[in-house]
Amino acid sequence: MIAMAADDPSARLTRSNRARHRIPVRLRQHWKPAAAVLAGLAVLVLAFGETRVRPYVTSELVSADTVVEDVAGSADLFGADTHEIELTFDQSEYEEMMETFREDGEKEFIRADVVIDGTAVPDVGVRLKGNSTLFSLRTDDGQDDAEVGPGKVALSDDAPETLPWLISFDEYVEGRAYQGHTEIALRPATSTSDTALNEALALELTEADGQTTQDHTFASVTVNGGDAAPRILLDAPDAQWADSLGDGVLYKARAGGSMAYLGQDPTDYDDVYEQINDEGGYDLQPVIDLLRFVEEADDEEFAQELDAYLDTESFARYLAMQDLISNGDAMDGPGNNYYLWYDTAAERFTVLSWDLNGAFVARSPGLGAAEDTAVSPQARSSGGLEGQRGPEGVMPPEGGMPPEGGESPRVGSGTRCPRTAEAAGNSRSGSWPTPTSRRRTCGPTPTCMTL
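Here the sequence shown is numbered in this note's numbering, starting from 3 and rising by one per residue.
Listed below in structure tokens is the structure:
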């Protein structure tokens, strides 16, 4: 009887019905579409299982930074008047911030209160700003002039009113600005001017030439009720500043970066370029495309197509201006202190200058930027090249002059710097020579670029 029951069709049907009813009704009614979806997923896994999927941002330009509180102040921040700025912060937090910077180079914000021309703005963020400018702060006892480089001055923890500061109005209060500015920068003195008049003049000349630059003014600055110091105040290139330029995206060249093409993964460029505005609207892809072109184009393609990627006329003016103001701390020097502005309508870049406190500082021909060259006091007093140290592996010509019959390439000459075996090797290995290395390849001129 038991065997017969096991073979009974009605028994098998009962077991089948029980199993069937364990499946949800909706799935039983729509099993064909579900099966099709599962089959499709299986095909995708088998066919594209090893493929990396990258998201592409295609939305319209929308700035991530929205000002909801704009402090009016009592006077136009970048007007003709000299301003009074009072900073107040906790001394222990300041000391901890400085110790962190000395140990690992991190420039952390601390909370502060600021009074600008009598208008109090509480809970702003302040941090150190700069790179080569801050070299003398990396040791407890500071450094002398020979070690900080031409144009730089030795800074000290004991004189915070003289330090280069970035003041952020929205670091601790989201959406706040001062007269439309979310950030402003207090620039340091230089070896040629306690009030950085050299930088002010460089900014004026850049503006007079029609190039995009930053607003500036002068201020008397005190910290925690201490002595006042004359300072130059700059409009820091933030998202609002970028949006004021029109439809486009602003990218900052980070210190220590280069123009090497690192592949299509944007995360590989985190230490090379920083996107200032329109995050979520655009990403680093335009910059990556530019670097790939510079890396992979042959000389003929480079000459014919560069203008499609870069406003070459504007770039020539940029390079000429850096020569005119004797600024070696720029794109054609160490390869930083510049911004890339991507015009989304024209779909090409413009190079914008930044940090001109190295302008009008004497430097020897062919030795490059200020931080690449340490000048001994004897060399400064004699005006000669003896005792100066050039970039690693580069020696000036005998007598400090170009070799007989040698001629330095000129901006706008239509020639491209030749690639030496070393440069070509770098290119093949995926590391395109930076503007600095091209200059060193081509001879004693800071303007030997690609034009």
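Even for Gly, the Cβ is constructed at its ideal location relative to N, Cα and C. Please read these numbers as outputs of a predicted model, since none were measured by experiment.
Got a sec, what are the start and stop residues for the alpha helix (DSSP H) residue 243 sits in? Counting from one through the sequence shown, the residue named residue 243 turns up at place 241. Looking at the DSSP string, the run of the alpha helix (DSSP H) that includes residue 243 is 241-245.
Less than 8 Å between the beta carbons of residue 163 and residue 231, yes or no? Residue mapping note: residue 163 aligns to position 161 of the sequence shown, counting from 1. Residue mapping note: residue 231 aligns to position 229 of the sequence shown, counting from 1. Yes, the Cβ-Cβ distance between residue 163 and residue 231 is below 8 Å.
Helix, strand or coil: which one does DSSP assign to residue 319? By one-based count along the sequence shown, residue 319 stands at place 317. Of the three classes helix, strand and coil, the one that applies to residue 319 here is helix, per DSSP.
Run the CB neighbour count on residue 227, radius 10 Å, all protein chains shown included, and call it buried at 16 or more, exposed below. As a first step, residue 227 must be located in the sequence shown, where it is residue number 225. It counts as exposed.
CB residue 119 to CB residue 76, shorter than 8 Å? Numbered from 1 along the sequence shown, position 117 holds the residue referred to as residue 119. Numbered from 1 along the sequence shown, position 74 holds the residue referred to as residue 76. Yes; because the gap between Cβ atoms is below 8 Å, this pair is in contact.
In the DSSP assignment, what residue or residues form a beta bridge with residue 256? Translated into the one-based positions of the sequence shown, residue 256 becomes position 254. Paired residues: none, contrary to the question.
Identify, in the order they occur along the chain, each residue of the same chain with its Cβ nearer than 6 Å to the Cβ of residue 60, setting aside the five sequence neighbours on each side. One-based indexing of the sequence shown puts residue 60 at position 58. Bear in mind that the predicted position of residue 60 carries a pLDDT of just 30, short of 50, making it too unreliable to give a figure here.
Inspect the CB distances between the stretch 284-296 and the stretch 250-263 and report whether three or more fall short of 8 Å. yes
Would the beta-carbon of residue 136 fall within 8 Å of that of residue 186? The residue you call residue 136 lines up with position 134 of the sequence shown. The residue you call residue 186 lines up with position 184 of the sequence shown. No, Cβ-Cβ distance for residue 136 and residue 186 is not below 8 Å.
Taking contact to mean 3 or more Cβ pairs, one atom from each stretch, closer than 8 Å, check whether the stretch 350-363 and the stretch 311-321 are in contact. yes
Enumerate in chain order the residues of its own chain whose CB-to-CB distance from residue 183 is below 8 Å, with the five nearest sequence positions on each side excluded. Translated into positions along the sequence shown, residue 183 becomes position 181. Hits under 8 Å: 79, 171, 237, 238, 240, 242, 243.
For the candidate residues 202, 88, 307, whose alpha-carbon lies nearest to that of residue 362? Locating residue 362 in the sequence shown gives position 360, counting from the first residue. The shortest Cα separation from residue 362 among 202, 88, 307 belongs to 202.
Sequence-distant residues of its chain with Cβ nearer than 7 Å to residue 291 (five each side left out): Numbered from 1 along the sequence shown, position 289 holds the residue referred to as residue 291. Excluding sequence neighbours, residue 291 sits near nothing in its chain.
With DSSP collapsed to three states, give me the class of residue 336. The sequence position of residue 336 within the sequence shown is 334, counting from 1. Looking at residue 336 - three-state DSSP - the assignment turns out to be coil, as it is neither helix nor strand.
What are the uninterrupted segments assigned as alpha helix (DSSP H) that are 4 or more residues long and contained completely in the stretch 201-246, given in chain order? 241-245
Of the residues 337, 329, 130, the one placed nearest residue 110, counting alpha carbons only: Here the question's residue 110 lines up with position 108 in the sequence shown. Closest option to residue 110, Cα to Cα, is 130.
Buried/exposed call for residue 225, threshold 16 Cβ in 10 Å: Counting from 1 along the sequence shown, the entry for residue 225 is found at position 223. Label assigned to residue 225: buried.
With distances taken Cα to Cα, identify the nearest neighbour of residue 340 among 245, 307, 213, 86. Taking the first residue of the sequence shown as position 1, residue 340 is located at position 338. With distances taken between Cα atoms, residue 340 lies closest to 213.
Indicate the three-state DSSP secondary structure (helix, strand or coil) for residue 126 in the structure shown. Here residue 126 corresponds to residue number 124 of the sequence shown, with the count starting at 1. Note: residue 126 maps to strand in three-state DSSP.
For residue 174, name the three-state secondary structure that DSSP assigns. As a first step, residue 174 is located in the sequence shown; it is residue number 172 there, counting from the start. Note: residue 174 maps to coil in three-state DSSP.
Whole-angstrom C-beta distance between residue 207 and residue 327, which should lie under 8 Å: Taking the first residue of the sequence shown as 1, we reach residue 327 at position 325. Taking the first residue of the sequence shown as 1, we reach residue 207 at position 205. Going by Cβ atoms, the distance from residue 327 to residue 207 rounds to 6 Å, so yes, they are a contact pair.
From which residue to which residue does the alpha helix (DSSP H) around residue 102 run? Stepping through the sequence shown from its first residue, residue 102 is reached at position 100. Here the alpha helix (DSSP H) through residue 102 covers 93-106.
Can you tell me whether residue 195 is helix, strand or coil according to DSSP? In the sequence shown, the residue the question calls residue 195 occupies position 193. Strand.
How many angstroms separate the CA atom of residue 100 from the CA atom of residue 94? As a first step, residue 100 must be located in the sequence shown, where it is residue number 98. As a first step, residue 94 must be located in the sequence shown, where it is residue number 92. Whole-angstrom Cα-Cα distance: 10 Å.
Measure from the alpha carbon of residue 257 to the alpha carbon of each residue in 264, 273, 222, 177, then state which is nearest. For the purposes of this step, residue 257 is identified with residue 255 of the sequence shown, where counting begins at 1. It is 273.
Between residue 359 and residue 190, is the Cβ-Cβ spacing less than 8 Å? In the sequence shown, residue 359 corresponds to position 357, counting from 1. In the sequence shown, residue 190 corresponds to position 188, counting from 1. Cβ distance < 8 Å, so residue 359 and residue 190 count as in contact.
To the nearest whole angstrom, what separates the beta carbons of residue 71 and residue 178, a pair I think is in contact under 8 Å? Taking the sequence shown and counting its residues from 1, the one referred to as residue 71 is at position 69. Taking the sequence shown and counting its residues from 1, the one referred to as residue 178 is at position 176. With a Cβ gap of about 4 Å, residue 71 and residue 178 count as contacting.
Tell me the rounded alpha-carbon separation between residue 271 and residue 334. Counting from 1 along the sequence shown, the entry for residue 271 is found at position 269. Counting from 1 along the sequence shown, the entry for residue 334 is found at position 332. The alpha-carbon atoms of residue 271 and residue 334 are separated by roughly 20 Å.
Between residue 275 and residue 255, which are expected to be in contact by the criterion C-beta below 8 Å, what is the C-beta distance as a whole number of angstroms? The sequence position of residue 275 within the sequence shown is 273, counting from 1. The sequence position of residue 255 within the sequence shown is 253, counting from 1. Right, their Cβ atoms sit about 6 Å apart.
Buried or exposed: residue 266, going by 16 or more other Cβ atoms within 10 Å of its Cβ? Looking up residue 266 in the sequence shown gives position 264. Classification for residue 266: exposed.
Return the CA-CA distance between residue 373 and residue 338, expressed in angstroms with no decimal places. Along the sequence shown, read from residue 1 onward, the residue named residue 373 stands at position 371. Along the sequence shown, read from residue 1 onward, the residue named residue 338 stands at position 336. With a pLDDT of 38 at residue 373, under the threshold of 50, the predicted position of this residue should be treated as unreliable, and no value is reported.
Alpha carbon of residue 84 to alpha carbon of residue 155, nearest angstrom: As a working note, residue 84 is residue 82 in the sequence shown. As a working note, residue 155 is residue 153 in the sequence shown. Cα to Cα, the separation comes out at about 23 Å.
Helix, strand or coil for residue 351, going by three-state DSSP, please let me know. The residue given as residue 351 occupies position 349 in the sequence shown. In this structure, residue 351 counts as strand in the three-state DSSP scheme.
On the CB-based measure, 16 or more other CB atoms within 10 Å of its CB, does residue 246 come out buried or exposed? By 1-based counting over the sequence shown, the position of residue 246 is 244. Per the 10 Å Cβ criterion, exposed.
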